[in-house]
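Here's the structure we're looking at; comments come further down.
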Amino acid sequence: MSDMLSKRSKWVYTTSGLGRDMMYALYSTYLIVFFTDALGLSNWTLVAVGVVIAIARIWDAINDTLMGIIIDNTKSRYGKFKPWLILGALTSAIMFFLLFQDFGLSSGWFVLVFTIIYVMSDMTFTMNDIAYWSMYPTFSTDPKERESIGSKARIFANLGMFLTIALVPIIYQNYAGGPKAAFFWIALVIASIYVISQVLVFFFVEQPKNPLAEVKQPKTSLRDVIKIITKNDQLMVIIIAIFLFNSGYYITTTLGIYFFNYDFNKYGGIEFTIFSAILALSQLSSLSLFPVLAKKITRKQIFTMAIVLIMVGYLLFLTAGNLLPKSMLVVGLAGFFIFFGEGFIQVSVLVMLADTIEYGQWKLKTRNESVVFAINPFVVKLATSVQILVVTMTLAWSGLNDKVIKPLTNLRDEAAELGLTFTTEQSRAFIEANVTESMLVWLKVSMVILPAVFILGAYLVYRTYYKIDYAMFEQIKSEITKDLNKGEEL
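For what it's worth, my numbering labels the leading residue of the sequence shown as 862, then goes sequentially.
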């Protein structure tokens, strides 16, 4: 029986990533922007929100693992993935929408209500996220097919992410009804696209019969999960590398809009959208190029090349406005290098994480797709907790939030209440008059230097300890198949 995915199923599965990442990009990139630029939170409330998000990750550690166990043990007419995929999509879309609403609450009540909605959004999105990505390694055991599906999935996911990142600033900074009303409609439209994309996966993706994935095994317990993670040394390497890389990457992307608004002083303009288009082009190009490169050079060589490109990009960011002019050419080129390299790493990590499933099956004699892929969202969430803490504390401690962003938000709200428009020119003049050099130094250290340290750390961990290559993977598959055949003969 074939373990290859049909063309229709492949396209439905991979294109659905567009809707998922539109939703997640709004949530991960613009939630803090909504709090600062639309709601005008005080420093105390902003930092409190950052701390809540970081603490909530402790529960995520339990929740993600439990969800992996639940999915692995699920039996239904729709399989073990699809019921949780659709339930998670419907419920998380509602929670994400609520996060971008103004309930008119005071600081204490705001933090309490935010905590409840935020924890619920994480729990419900986990259902969908783990189910969605756990399907991926079951589609095929052929490394090249995995790379093809993985690269296509990341292409559409990144397209959705960049559409959101590029369009949201133009909409909320120029919407006549003000940022609050703009985010209401943005959240509603994106949540609807997200739900539709997952409904299509539920009804139109048919999984092939994967002989390695079809092996029968006992139910997974919490004790088994601890063993699966700690005894799978290659999975542990990927966990640490993903955490370090994503921490740096997410800090840079979240602070990007603040760089353009308050350092580059292009508030309300199309410069950030142009920058996002450059990033989309660079990353989609690298994702498309990955399967071609993977045929010619090893994954370790691709990973090394990606890190070099990213470091060149960060160096250009550091020198913009110093050795080099602070122009769209320099900033755009810096972004191109960073995100071209980042695209290679996205697919590399996805494929390597999938390979650790067979490695664990070979080493521990159990196959646990959902448990292994529960690690990915958990580590991503840990990384975003670091991101949120760094971003909120940077904005608060630098003085950028209470001396520039909050007063500007108040001025725009006052103008909107009077039926007037606080123009882009007025916003930029206010920013230029109030932003200090100290604020910009804080912003650059957090956005460039700290992420570069995280990403270099991820590379050192991967390069030193990850050992699965094509030859080893083929040997692992061969030995698993022999073991299964012996079992059938008995």
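By construction, the Cβ of each residue, glycine as well, lies at the ideal position given by its N, Cα and C atoms.
Beta-carbon gap between Ile1168 and Ile1316 smaller than 8 Å: With contacts defined by Cβ atoms closer than 8 Å, Ile1168 and Ile1316 form a contacting pair.
Residue from Thr1227, Asp1344 and Ile919 with nearest C-alpha to Ile860: With the chain covering 862 to 1351 only, the question about residue 860 has no answer from this structure.
Leu951 in three-state terms, based on DSSP: In the structure shown, Leu951 sits in a helix (DSSP, three-state: H, G or I).
Lys1157 burial status per 10 Å Cβ neighbour count (16 or more: buried): Exposed is the label assigned to Lys1157, since fewer than 16 other Cβ atoms lie within 10 Å of its Cβ.
Option nearest Ala886 by Cα separation, candidates Ile1329, Leu1190, Ala1048 and Phe1064: Nearest of Ile1329, Leu1190, Ala1048 and Phe1064 to Ala886, Cα basis: Ala1048.
Identity of the residues DSSP links to Leu1185 by a beta bridge: Per DSSP, the beta-bridge partners of Leu1185 are Ala1181.
Touching by the beta-carbon criterion (3+ pairs, under 8 Å), the stretch 935-955 and the stretch 1003-1023: Judged by pairs of C-beta atoms under 8 Å, the stretch 935-955 does not touch the stretch 1003-1023, as fewer than three such pairs exist.
Continuous alpha helix (DSSP H) stretch holding Leu887: start and end: First-last of the alpha helix (DSSP H) with Leu887: Gly878 to Val894.
Phe1063, enclosing alpha helix (DSSP H) - first and last residue: Where Phe1063 is concerned, the enclosing alpha helix (DSSP H) stretches over Pro1040 to Phe1065.
Beta-carbon separation (whole angstroms), Lys1242 vs Asp963, contact threshold 8 Å: Not a contact, Cβ separation roughly 25 Å.
Gly1109 classed as buried or exposed, judged by whether at least 16 other C-beta atoms fall within 10 angstroms: Answer is buried; the Cβ neighbour count reaches 16.
Inter-residue spacing [alpha-carbon to alpha-carbon] between Leu1061 and Gly949: Our two residues, Leu1061 and Gly949, have alpha carbons roughly 14 Å apart in a direct line.
8 Å Cβ cutoff met for Phe1121 and Val1208: No. Outside cutoff.
Collapsed DSSP secondary structure at Ser1147 in the structure displayed: In the structure shown, Ser1147 adopts helical secondary structure according to DSSP, grouped into three states.
CA-to-CA distance, Ala1141 to Thr1285, given in whole angstroms: One C-alpha to the other measures close to 26 Å.
CA-to-CA distance, Phe1164 to Ala1102, given in whole angstroms: Just so you know, the alpha carbons of Ala1102 and Phe1164 end up roughly 12 Å apart.
Assigned secondary structure, Leu1351 (DSSP; H/G/I helix, E/B strand, else coil): Below a pLDDT of 50, predicted positions are generally treated as unreliable, and Leu1351, at 48, falls in that range; the measurement from the model is reported next regardless. Here Leu1351 sits in coil by DSSP.
DSSP-derived helix/strand/coil call for Gln1222: The answer is helix: DSSP assigns Gln1222 an H, G or I state.
Spatially closest choice to Val974 from Tyr874, Val910, Ile1051 and Tyr1123, by CA coordinates: Comparing Cα-Cα distances from Val974 to each of Tyr874, Val910, Ile1051 and Tyr1123, the minimum goes to Val910.
Pair within 8 Å by beta-carbon distance, Leu959 and Leu892: No, they are not a contact pair.
Cutoff 6 Å; reference Ala810; Cβ partners in own chain excluding five residues on either side: Not covered by the structure: residue 810. The range shown for the chain is 862 to 1351.
Close beta carbons around Glu878, own chain, < 6 Å, minus the five adjacent residues each side: Contrary to the premise, residue 878 reads as Gly rather than Glu in this sequence. Hits under 6 Å: Ala1014, Phe1017 and Ala1018.
Extent of the continuous alpha helix (DSSP H) to which Pro1030 belongs: Pro1030 -> alpha helix (DSSP H) spans Pro1004 to Asn1035.
Alpha carbon of Gln1034 to alpha carbon of Phe1023, nearest angstrom: Straight-line Cα distance between these residues: approximately 17 Å.
Test item: CB-CB of Asn1093 and Tyr1220 under 8 Å: A contact, by the Cβ cut-off of 8 Å.
Neighbourhood of Leu1250 by C-beta distance below 7 Å, restricted to the same chain and skipping five residues each side: Within the same chain, Leu1250 has close Cβ partners Gly911 and Ala915.
Member of Leu946, Val894 and Asp925 whose CA lies at the smallest distance from the CA of Phe1063: Distances from the CA of Phe1063 to each of Leu946, Val894 and Asp925 were compared; the closest alpha carbon is that of Leu946.
Residue from Met988, Gly1117, Phe896 and Leu1145 with nearest C-alpha to Gly1021: Residue Leu1145 holds the alpha-carbon nearest to the alpha-carbon of Gly1021 among Met988, Gly1117, Phe896 and Leu1145.
Buried or exposed by the 16-neighbour rule on C-beta atoms within 10 Å, applied to Glu1335: Glu1335 is exposed by the Cβ-count criterion.
Opening and closing residue of the alpha helix (DSSP H) in which Ala899 lies: Looking at the DSSP string, Ala899 is not in any alpha helix (DSSP H), and its letter there is neither H nor E.
Residue closest to Thr1225, alpha-carbon to alpha-carbon, out of Ile1118, Ile1236 and Ile1337: It should be noted that the sequence gives Leu, not Thr, for residue 1225. Looking only at Ile1118, Ile1236 and Ile1337, the smallest Cα-Cα distance to Leu1225 is reached by Ile1337.
C-beta contact flag for Phe1198 and Ile1171 at 8 Å: Result yes, Cβ atoms of Phe1198 and Ile1171 sit closer than 8 Å.
Residues near Leu902 by beta carbon distance below 6 Å, same chain, minus five either side: Close CB contacts of Leu902 within its chain, under the 6 Å cut and outside five residues either way in sequence, are with Phe896 (chain order).
Cβ-based neighbour list, Ser1058, same chain, cut-off 6 Å, excluding 5 preceding and 5 following: Within the same chain, Cβ atoms closer than 6 Å to the Cβ of Ser1058 are found at Ser877 and Gly880, the five residues on either side in sequence being excluded.
Thr1255 beta carbon near the ligand GTP (any heavy atom closer than 7 Å): By its list of ligands, the structure shown contains no ligand whatsoever, and the ligand GTP lies outside what it can speak to.
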